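Peer 1: The structure's right below; bear with me while I get my questions together.
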Amino acid sequence: MSRALLAGRMQPESRSVCVFLPTREQLSLAVGVKATGQELFQQVCDLVKIKEPHFFGLSIVKNNEYVFIDLEQKLSKYFSKEWKKETTKGTEKFSPPFVAFFRVQYYVENGRVISDKVARQLYYCHLKEQVLMSRCNHKEEIYFLLAAYSLQADLGNYKEKVHAGKYFEPQAYFPQWIIAKRGSDYILKHAPEMHREQQGLSAKEAVLKFIKESCLLEDVPVHFYRLQKDKKEDRPTVILGLTLRGMHIYQEVNHVRQLLYDFPWSHIGKLAFLGKKFEIQPDGLPSARKLVYYTGCPFRSRHLLQLLSNSHRLFLNIQPVLKQIRKLEEAE
1 MSRALLAGRM QPESRSVCVF LPTREQLSLA VGVKATGQEL FQQVCDLVKI
51 KEPHFFGLSI VKNNEYVFID LEQKLSKYFS KEWKKETTKG TEKFSPPFVA
101 FFRVQYYVEN GRVISDKVAR QLYYCHLKEQ VLMSRCNHKE EIYFLLAAYS
151 LQADLGNYKE KVHAGKYFEP QAYFPQWIIA KRGSDYILKH APEMHREQQG
201 LSAKEAVLKF IKESCLLEDV PVHFYRLQKD KKEDRPTVIL GLTLRGMHIY
251 QEVNHVRQLL YDFPWSHIGK LAFLGKKFEI QPDGLPSARK LVYYTGCPFR
301 SRHLLQLLSN SHRLFLNIQP VLKQIRKLEE AE
C-alpha cells in the first residue's frame, strides 16, 4: 500500500506530477510548465534524501515500455499535449496528474558500489519488484534463497514466537508462477526454514546478498525493448535486452523469449540509428554481417541509443571499482 508524499504548491503556470518510487510510494510534485527533467529529478532526490542518484533515472511509460527521460530536455517533450494547455482558474485541481517513475536506469551486480544507504535501499526495492516478475524456470531454488535474504532484510532474525503461521504474504516475495506451481502452503512451510538459516545476518548484508544473487537471474538486471525485423512486420517479434555486460537479442516465439545473440560490450564494434533503423555491427566481422532492426520511430531510436551509450560508458567506468571491491571481499 502506498502513501502519498506532497511537495510544492501549485502555481498558475505549474503542473502536477505523480512520481512512483521503487518502494511503491508516490510523490505528488508541482513543477513549472517549462521545467526540465533535471528539475523534477532533483525534487525527487531532495524529498527522498538520496545522495547517490547516479544509477537512477526518471521514466515515463510509452507503448508499454519505460522510456527514460533525457534530464536536460523539457518535460513537455515527454508528456501529452495537455501539458502545454493553459489551465483556467479553478480547473487545475480537477486535472489528473502526469505520471513518471523514479527507477533504476543502470544496473550493477554488486551493491557495495552504492555506498549511500537510501540509494541502496531503493535499488534493492527495485530489484525485488523485478524478481516478482522474473521467470527463470530452471533456477527455482534461487527464488527461495532470495526470499530468505529479503525476509531477513525486511524483518530481521527469525523469531519462533513472532514469526509463526502466515507472517508474510507469498506474493510479496515470490513470482506468481512459483506460487501457482508450489502452492502457498508449501512456500509458508519451507521459506521460514530458509529465513531461519540467515540468523545473525545484518539487514545491510542481507540486502547485499539479495542484490548479488538476483543479478544472476537473466531477466532481472535488464531493460527490454521490442524491435521489428522489418518495417512491414505487424508486431515486433525481436526483443533487445540491455544487460549488465552488454546486449542480448531475443526472438519471441509463442510469447517465449529465445536467445539469438549475446553481445558483451567488448564484442560490439558499432551501434547506429538512422531514423527508425537500428544497426548492430559485431566487432571483427565485415559490415555485410551487421544486424538490422527497426524501432518504429526516431524518438525511440534517439532514446535507445542514448541509453545504450550511457550504459556502456558506465560499464567501463565502474570496472576498476568492482575489481577493487572483489579484492576486498576475497581478503575478508
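Using UniProt numbering, count along the sequence shown one by one with no gaps and you end on 332.
Glycine is no exception: its CB is placed at the ideal position from the N, C-alpha and C atoms.
Predicted, not measured: the structure shown is a model, and the values here were computed from it.
#1: Looking at the structure shown, is residue 251 part of a helix, part of a strand, or coil, going by DSSP?
#2: Could you tell me the distance, in whole angstroms, from the CA atom of residue 129 to the CA atom of residue 22?
#3: Looking only at C-alpha atoms, which of 134, 320, 48, 83 sits nearest to residue 220?
#4: DSSP state of residue 185, grouped into three classes?
#5: Compare the beta carbon distance of residue 30 and residue 60 with 7 Å and say whether it is the shorter of the two.
#6: Output the distance between the C-alpha atoms of residue 15 and residue 254, rounded to the nearest integer angstrom.
#7: Alpha helix (DSSP H) containing residue 302: first to last residue?
#8: With DSSP as the reference, please indicate the residues paired to residue 241 in a beta bridge.
#9: Nearest-angstrom Cα distance between residue 3 and residue 211?
#10: Please state whether the Cβ-Cβ distance between residue 298 and residue 275 is less than 7 Å.
#11: Decide if residue 232 is buried, meaning its Cβ has at least 16 other Cβ atoms within 10 Å, or exposed.
#12: Compare the beta carbon distance of residue 56 and residue 105 with 7 Å and say whether it is the shorter of the two.
#13: Mind reading off the beta-carbon distance from residue 178 to residue 140? Whole number of angstroms is fine, and I expect it under 8 Å.
#14: Please classify residue 295 as buried or exposed, where buried requires at least 16 neighbouring CB atoms within 10 angstroms.
#15: From this set, 209, 241, 76, 228, which residue's C-alpha is nearest residue 222's C-alpha?
#16: In or out: residue 165 buried (at least 16 other Cβ within 10 Å) or exposed?
#17: Out of 109, 188, 150, state which residue places its alpha-carbon closest to the alpha-carbon of residue 125.
#18: Taking the C-alpha atoms as reference points, what is the distance between residue 321 and residue 107?
#19: Based on the DSSP secondary-structure assignment, which residues constitute the bridge partners of residue 291?
#20: Output the distance between the C-alpha atoms of residue 256 and residue 147, rounded to the nearest integer angstrom.
#21: I need the DSSP call for residue 164, collapsed to helix, strand or coil.
#22: Assuming contact is defined by CB atoms lying nearer than 7 Å, are residue 206 and residue 172 in contact in what I supplied?
#23: Would you decide whether residue 138 is buried or exposed? Buried here means 16 or more other CB atoms lie within 10 Å of its CB.
#24: Using the Cα positions of residue 82 and residue 46, report the straight-line distance between them to the nearest angstrom.
#25: Residue range of the beta strand (DSSP E) that residue 156 falls in?
#26: Measure how close the beta-carbons of residue 285 and residue 308 come, nearest whole angstrom, since I'm counting them as under 8 Å.
#27: DSSP three-state label for residue 2, please.
#28: Would the beta-carbon of residue 116 fall within 7 Å of that of residue 159?
#29: At what residues does the beta strand (DSSP E) containing residue 336 begin and finish?
#30: Helix, strand or coil, according to DSSP, for residue 26 in the structure here?
#31: Look at the alpha carbon of residue 185 and the alpha carbon of residue 79, and state the distance between them as a whole number of angstroms.
#32: May I have the straight-line CA-CA distance separating residue 38 from residue 162, to the nearest angstrom?
#33: Would you report the Cα separation of residue 176 and residue 258, rounded to the nearest angstrom?
#34: Give the range of the alpha helix (DSSP H) segment to which residue 206 is assigned.
Peer 2: The structure says:
#1: strand
#2: 8 Å
#3: 134
#4: helix
#5: no
#6: 42 Å
#7: 298-331
#8: 224, 248
#9: The predicted model places residue 3 with a pLDDT of 48, which falls under 50 and marks its position as unreliable; any figure quoted below should be read in that light. Distance between the alpha carbons of residue 3 and residue 211: 25 Å.
#10: yes
#11: exposed
#12: yes
#13: 7 Å
#14: buried
#15: 241
#16: exposed
#17: 150
#18: 14 Å
#19: 280
#20: 25 Å
#21: coil
#22: no
#23: exposed
#24: 27 Å
#25: No beta strand (DSSP E) contains residue 156, which DSSP labels as neither H nor E.
#26: No, residue 285 and residue 308 are not in contact; Cβ-Cβ is about 19 Å, not under 8 Å.
#27: In this prediction, residue 2 has a pLDDT of 45, which is less than 50 and means its spatial position is unreliable; what the coordinates show is noted afterwards. Residue 2 falls in the coil class under three-state DSSP.
#28: no
#29: With the chain running from 1 to 332 in the structure shown, residue 336 is simply not present.
#30: strand
#31: 45 Å
#32: 45 Å
#33: 21 Å
#34: 203-214
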